[in-house]
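*Asks:* Counting from 95, one number per residue, gives the positions in the sequence shown under the working numbering.
Supplied in structure tokens, the structure appears directly below.
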Amino acid sequence: MIEREPRRLWRNSPADAFLLGLTIAQFAVTIALAALTPDALWPRLGSAILVTGMVTYSVLIVNHMFVHMPWFTDDRYNRVVSLVISANIAQSAQSYHLSHVRNHHRYNNDRKRDGVTADLSSTYRYSRDDEVAPLWRYLAYSLVASIQEFAGTVWSLHRLCGVSPRETTLLGLAARNPARRAAELAQIRYDRLAQLVLTALLGVLSWQWLVMCYLPSVAIAFTLVNVQNYYRHFGAEPESRYANSVSYYGRLYNRLTFNDGYHQEHHLRPTTHWTRLPEVAAQYQRRLDEAGRVVSPVPPVVGFLDTGRMDRVAQRSAATQ
């Protein structure tokens with residue numbers, strides 16, 4: 095009698111258990127904060143700061159890792175994780191997968207063509223000319239888009255959070271295979287419901303905390319996420335496969351963020367597990383150096399401190415005018 099090997103739990107690496115733990119912890123802590131935060135200025139401020147940090151980290155690190163490489167071999171578990179992450183980041187993880195994996199990683203922060211960019215999150219998208227948009231303009235327009243998405247999710251309750259025929263961007267990014275397409279659109283519906291259920295629960299526990307702490311924290315977190323995206327690409331060359339984004343190799347940062355700083359390497363090999371991104375850096379070292387890509391001396395969320403890069407971009411912009 096031939097014994098079957100037990101099915102593996104983790105699709106890529108047991109190290110993803112750390113990310114799962116962070117996902118569950120954030121969900122629990124958010125509920126606890128709504129229930130237990132005292133009605134006073136300093137506790138609420140501290141609570142809001144913690145929520146801002148958790149949502150920002152979850153969008154940039156936890157969700158980003160998950161949508162690229164789901165953690166489990168059994169997709170039923172992945173669908174459940176998608177629900178929890180969606181509640182944590184106040185947006186559908188499946189929707190993020192479509193816009194990030196199928197759009198951003200296809201067009202790689204492209205420049206405008208005929209006045210528009212194909213990459214929905216391109217740093218050139220909201221500029222008044224063909225150059226990179228100023229940071230403030232990029233953040234303002236991106237935040238408006240995020241607020242509109244949240245409002246659209248709330249409005250979609252009348253159709254049980256299903257994707258509307260008017261949501262042409264999502265529909266255009268969904269899979270063409272009918273079965274897979276139906277599964278993706280259904281997951282967006284369930285993700286949205288999970289997001290709204292958590293929001294409603296927080297409101298029941300403390301509507302004051304929801305209005306004064308949670309919602310402002312989510313808005314600030316989305317802004318920080320866009321700051322990170324901006325400086326992950328600011329100064330890079332969209333046309334170059336080896337220089338279309340910016341890496342940061344600080345050891346502490348990469349340990350705390352599961353090698354998130356290896357962003358150029360991630361763009362080169364987006365399906366590489368986070369544990370192996372340093373190997374990609376070593377493999378492509380010569381080509382990366384020859385491409386003259388940007389390596390930041392600071393983490394991307396504080397990329398404005400890289401004054402040398404600011405000066406180089408300004409000089410390059412002036413030379414083309």
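Idealized CB from N, CA, C, for every residue including glycine.
Being a predicted model, the structure only gives us computed values, none of them experimental.
Kindly list the residues whose CB is nearer than 6 Å to the CB of I282, restricted to its own chain and excluding five residues on each side of it in sequence; keep chain order.
*Replies:* What you label residue 282 is simply residue 188 of the sequence shown in a count that begins at 1. Contacts found: S186, Q188, S189 and V257.
*Asks:* Is the CB-CB distance between S107 and H367 below 8 Å?
*Replies:* Translated into the one-based positions of the sequence shown, residue 107 becomes position 13. Translated into the one-based positions of the sequence shown, residue 367 becomes position 273. For S107 and H367, yes; Cβs fall inside 8 Å.
*Asks:* Quick check on this structure: which residue in G329, L177 and F352 has the alpha carbon closest to the alpha carbon of R286?
*Replies:* Counted from its first residue, the sequence shown places residue 286 at position 192. Among G329, L177 and F352, the Cα nearest to that of R286 belongs to L177.
*Asks:* Would you call the segment 319-335 in contact with the segment 121-129, where contact means no fewer than 3 C-beta pairs closer than 8 Å?
*Replies:* Flag = no, the segment 319-335 and the segment 121-129 do not touch.
*Asks:* Do S334 and H357 have their beta-carbon atoms positioned less than 8 Å apart in this structure?
*Replies:* Mapped onto the sequence shown, residue 357 falls at position 263. Mapped onto the sequence shown, residue 334 falls at position 240. No, the Cβ-Cβ distance between H357 and S334 is not below 8 Å.
*Asks:* In the structure shown, what three-state DSSP assignment does R326 receive?
*Replies:* As a first step, residue 326 must be located in the sequence shown, where it is residue number 232. Helix, per DSSP.
*Asks:* Would you kindly check if the distance between the Cβ of D354 and the Cβ of L154 is under 8 Å?
*Replies:* One-based indexing of the sequence shown puts residue 154 at position 60. One-based indexing of the sequence shown puts residue 354 at position 260. Cβ distance < 8 Å, so L154 and D354 count as in contact.
*Asks:* Just to confirm, is the Cβ distance from D383 to P391 under 8 Å?
*Replies:* Counting from 1 along the sequence shown, the entry for residue 383 is found at position 289. Counting from 1 along the sequence shown, the entry for residue 391 is found at position 297. No. Outside cutoff.
*Asks:* With a CB to CB cut of under 7 Å and the five nearest residues on each side skipped, what residues in its chain are close to V156?
*Replies:* Residue numbering aside, residue 156 sits at position 62 when the sequence shown is read from its first letter. Excluding sequence neighbours, V156 sits near L113, L116, T117 and I179.
*Asks:* Count the other CB atoms, across all protein chains shown, that sit within 10 Å of the CB of D224; report buried if there are 16 or more and exposed otherwise.
*Replies:* Taking the first residue of the sequence shown as position 1, residue 224 is located at position 130. D224 is exposed by the Cβ-count criterion.
*Asks:* Given L290, which residues of its chain have a CB within under 8 Å of its CB, disregarding the five upstream and five downstream residues?
*Replies:* Counting from one through the sequence shown, the residue named residue 290 turns up at place 196. Cβ neighbours of L290 beyond the five flanking positions: T247, V248, L251 and C255.
*Asks:* Quick one: complete alpha helix (DSSP H) runs, 4+ long, within the segment 376-405?
*Replies:* 379-385, all fully within the segment 376-405.
*Asks:* Given 8 Å as the limit, is there contact between the segment 133-149 and the segment 311-321, that is, 3 or more CB pairs closer than that?
*Replies:* Touching, yes, given that three or more Cβ pairs across the two stretches are closer than 8 Å.
*Asks:* Sort H199, W165 and A119 by Cα distance to A109 and report the nearest one.
*Replies:* What you label residue 109 is simply residue 15 of the sequence shown in a count that begins at 1. When only C-alpha atoms are compared, the closest one is W165.
*Asks:* Out of N348, D169 and R381, point me to the one whose CA is closest to R274's CA.
*Replies:* Residue mapping note: residue 274 aligns to position 180 of the sequence shown, counting from 1. The residue with the shortest Cα to Cα distance from R274 is D169.
*Asks:* Answer yes or no: do Y308 and L296 have a C-beta to C-beta separation smaller than 8 Å?
*Replies:* Walking along the sequence shown from the start, residue 308 turns up at place 214. Walking along the sequence shown from the start, residue 296 turns up at place 202. Cβ atoms of Y308 and L296: closer than 8 Å.
*Asks:* Assuming Y324 and T217 make a contact with CB atoms under 8 Å, what is their CB distance in whole Å?
*Replies:* The residue you call residue 324 lines up with position 230 of the sequence shown. The residue you call residue 217 lines up with position 123 of the sequence shown. The pair is a contact, with the Cβ atoms about 5 Å apart (cut-off 8 Å).
*Asks:* Residue range of the alpha helix (DSSP H) that G297 falls in?
*Replies:* Here the question's residue 297 lines up with position 203 in the sequence shown. Element bounds for G297: P272 to L299.
*Asks:* Under 6 Å Cβ to Cβ from A313, same chain only, skipping five residues before and after it: list those, please.
*Replies:* Position 219 of the sequence shown, counted from the start, is the residue given in the question as residue 313. If we look at A313 and ignore the five residues flanking it on each side, it has no Cβ neighbours.
*Asks:* Does the beta-carbon of Q120 have 16 or more other beta-carbons within 10 angstroms, so that it is buried, or is it exposed?
*Replies:* As a working mapping, residue 120 is identified with position 26 in the sequence shown. So Q120 counts as buried.
*Asks:* By a C-beta neighbour count over all protein chains shown, 10 Å radius and 16 as the cutoff for buried, is G397 buried or exposed?
*Replies:* On the sequence shown, position 303 is the one that residue 397 refers to. It counts as buried.
*Asks:* Is there a Cβ of chain D sitting closer than 8 Å to that of D168, yes or no?
*Replies:* Going by chain labels, chain D is absent from the structure shown, which holds only one protein chain.
*Asks:* In angstroms with no decimal places, state the Cα-to-Cα distance between W104 and A111.
*Replies:* Reading the sequence shown from its first residue, position 10 is the one you call residue 104. Reading the sequence shown from its first residue, position 17 is the one you call residue 111. The alpha-carbon atoms of W104 and A111 are separated by roughly 8 Å.
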